[in-house]
Amino acid sequence: MRLSVIGCGYLGAVHAACMATLGHDVVGIDVDPRKIDALSRGEAPFFEPGLPELLAEAMATGRLTFSTDIADAAGASVHFVCVGTPQKDGEYAADLRYVDASVTSLLPHLSAEDLVVGKSTVPVGTAARLAALVEEVGASLAWNPEFLREGYAVKDTLTPDRFVYGVAPGDAGKRAADVLDTVYARALADGTPRIVTDYATAELVKVAANSFLATKISFINAMAELCEETGADVTQLADAIGHDERIGRRFLNAGLGFGGGCLPKDIRAFMARAGELGADQAVAFLKEVDAINGRRRVRMVDLAREVNGGSIKGRRIGVLGVTFKPNSDDVRDSPALDVAVQLALQGADVVVTDPEGIANARGRYPDLTYVETVEEAVRDADSVLLLTEWKEYRDLVPSAIGELVAHRTILDGRNALDPTVWRDAGWSYRALGRP
Ligand SMILES: NC(=O)c1ccc[n+]([C@@H]2O[C@H](COP(=O)([O-])OP(=O)(O)OC[C@H]3O[C@@H](n4cnc5c(N)ncnc54)[C@H](O)[C@@H]3O)[C@@H](O)[C@H]2O)c1
0 MRLSVIGCGY LGAVHAACMA TLGHDVVGID VDPRKIDALS RGEAPFFEPG
50 LPELLAEAMA TGRLTFSTDI ADAAGASVHF VCVGTPQKDG EYAADLRYVD
100 ASVTSLLPHL SAEDLVVGKS TVPVGTAARL AALVEEVGAS LAWNPEFLRE
150 GYAVKDTLTP DRFVYGVAPG DAGKRAADVL DTVYARALAD GTPRIVTDYA
200 TAELVKVAAN SFLATKISFI NAMAELCEET GADVTQLADA IGHDERIGRR
250 FLNAGLGFGG GCLPKDIRAF MARAGELGAD QAVAFLKEVD AINGRRRVRM
300 VDLAREVNGG SIKGRRIGVL GVTFKPNSDD VRDSPALDVA VQLALQGADV
350 VVTDPEGIAN ARGRYPDLTY VETVEEAVRD ADSVLLLTEW KEYRDLVPSA
400 IGELVAHRTI LDGRNALDPT VWRDAGWSYR ALGRP
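Note that numbering that gives the first Met the number 0 numbers the sequence shown so that position 139 is 138, with each residue one more than the last.
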């Protein structure tokens, strides 16, 4: 099939490349010429494991092209909308201007019978509003929320754990589902479950899923707060409750909490939309989920002050990790970057390293000191903070980096290290939610 993918960021670039490797003819469109230039050369404009290889494979087939001109979407029969839906400045609500602009700019290039497929995460009610515009030109609309995880985006796109199609009522909706079945034929043949539903349910599925995940993380972080008060160990608590299948151990790692371009803004947009609908009480708990999450960052800075004898002014602090999670270069709403910035604002001499996130972090906070290697980051440090659990940081040899630091003090913001190993090597080890 001929497809267009509008918006080639973390979601769209991966979607476009994956669809081309599945055999579709794909044009990826973005308003950012730098992204399109890089993608047209077969280069990934951000770090995502497996994407460079996938792009090379897809470009070699000749089935994948990129453009900044929305007119190049003409001729495709399915148009995926993958643009950003960030948080509005100073408000909880989602900023829909990119979704609205992309759909409006697409309208003159649509043919009757085309299908526009929203993949961006949007407030409930958006699809119905946009469907009216799309139907005016004889095309139709489906909402097909995306659940990919950065770091696993290629795998998650090629072999998702489920498809959700939000479609119009009646024959138009049946046709839309058939078209999406053709697009995703390979994964469906492999048995991927598919749920065909109405627009509102599809939109809510996505924010409900992210709200659940955020709640699970904040739940264990709330337990970490209690562990800190009582001398209990949150990692053992998580292991113990996680053995109950109804609870499960995944997403139950206490630490600095969640961040990134999705969970924080999605739960806030959900609260804002629920408020507009007069249903704010239903998701009032998300305010607490967000607050618990924010408190972990404050606690980390407090802990840094504590282990530095009550003041971090002028103290040399080596920070390992700035991205919101490992295997990504994304620093949007990153807890790690937030903590590093707070430490610097409070007068610490902060030196930051990260395997992939330095360029993005520098773009946001040019005044922090960034270095390429762990060795440079920890040299002469009064304390070392592990803030993103990259594998290379989990695998550090405490005796080796112990030779470089001024004081063997480590704060493990992700509960990613083995305290015994570090203490045995002469380190003072502290972590969130652990004695
Ligand atoms: N990143 C993820 O892990 C992930 C996972 C699931 C869902 N989502 C959702 O997918 C959407 C996109 O997220 P992202 O992380 O890819 O964002 P992103 O910021 O990386 O990418 C968005 C892209 O859209 C482009 N764009 C903006 N307006 C445009 C227009 N009018 N026409 C064409 N392109 C335009 C931007 O230039 C940018 O490249 C969001 O709604 C997000 O919540 C993201």
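The C-beta atom is built at its ideal place from N, Cα and C for all residues, glycine as well.
These numbers come from a predicted model, not from an experiment.
Under DSSP, L384 takes part in a beta bridge, and its partners are V318 and L410. Taken in chain order, the complete alpha helix (DSSP H) segments of 4 or more residues contained in the segment 79–118 are 96–105.
Between the alpha carbons of F250 and T387 lies a distance of about 15 Å. A distance criterion of 7 Å places the beta-carbon of F146 in contact range of ligand 1, judged by its closest non-hydrogen atom. A straight-line Cα-Cα distance of about 13 Å links Y364 and T322. Measuring C-alpha to C-alpha distances from V153 to each of M0, D160, L50 and D411 identifies L50 as the nearest. In this structure, the beta-carbon distance from L53 to V25 does not fall below 8 Å. Within its own chain, the residues whose Cβ lies closer than 8 Å to the Cβ of T191, once the five positions on either side in sequence are excluded, are T158, P159, D160, R161, F162 and Y183, listed in chain order. For L132, the enclosing alpha helix (DSSP H) starts and ends at T125 to E135. Under the three-state reduction of DSSP output, I194 falls in the strand class. Using a Cβ distance threshold of 8 Å, R267 and V123 do not count as a contacting pair. In this model, G89 and D189 are separated by some 45 Å (Cα to Cα).
Of the heavy atoms belonging to ligand 1, at least one sits nearer than 7 Å to the Cβ of E149.
Within the same chain, Cβ atoms closer than 6 Å to the Cβ of V133 are found at V115 and L140, the five residues on either side in sequence being excluded. In this structure, N292 is the residue among S76, A376, N292 and T372 with its C-alpha nearest to the C-alpha of N220. Positions of the alpha helix (DSSP H) runs, each at least 4 residues long and wholly inside the segment 291–358, are given as 334–344 in order along the chain. By a beta-carbon distance limit of 8 Å, H108 contacts A72. Their separation comes to about 5 Å. Residue environment analysis places I316 among the buried positions, since at least 16 neighbouring C-beta atoms fall within 10 angstroms of its C-beta. Between R413 and D232, the gap from beta carbon to beta carbon reaches 8 Å or more. Following the DSSP letters along the chain, one finds D24 in no alpha helix (DSSP H) but inside the beta strand (DSSP E) bounded by residues D24 to I28. For S210, the three-state secondary structure derived from DSSP is helix. Excluding residues up to 5 positions away in sequence, M222 and C226 lie with their Cβ nearer than 7 Å to the Cβ of L236 in the same chain. Taken through DSSP and simplified to helix, strand or coil, A141 comes out as strand. The nearest non-hydrogen atom of ligand 1 is 7 Å or more from the C-beta of A19. Inter-segment contact for the segment 349–367 and the segment 298–307 is absent: fewer than three beta-carbon pairs are separated by less than 8 Å. Annotation for C7 indicates a beta carbon within 7 Å of some heavy atom of ligand 1. Look at I5 here: in three-state DSSP terms it is strand. In this structure, A213 lies near L262, with their beta-carbon atoms less than 8 Å apart.
Distance from the CA atom of V98 to the CA atom of R361, rounded to whole angstroms, is 28 Å. Cβ-Cβ distances below 7 Å link H406 to D381 and S382 in the same chain, with the five nearest sequence neighbours on each side left out; the list follows chain order.
Taking C-beta atoms as the reference points, I194 and C81 fail to come closer than 8 Å. Collapsing the DSSP output to three states places R422 in a helix. Within the same chain, P32 and I35 come within 6 Å of T67 by CB-CB distance, once the 5 residues on both sides are set aside. Per DSSP, the continuous beta strand (DSSP E) segment holding F162 begins and ends at F162 to V166. For the 8 Å CB-CB criterion, L2 and A75 form a contact. Counting C-beta atoms within 10 angstroms of its own C-beta, P397 has 16 or more neighbours from the protein chains shown and is therefore classed as buried.
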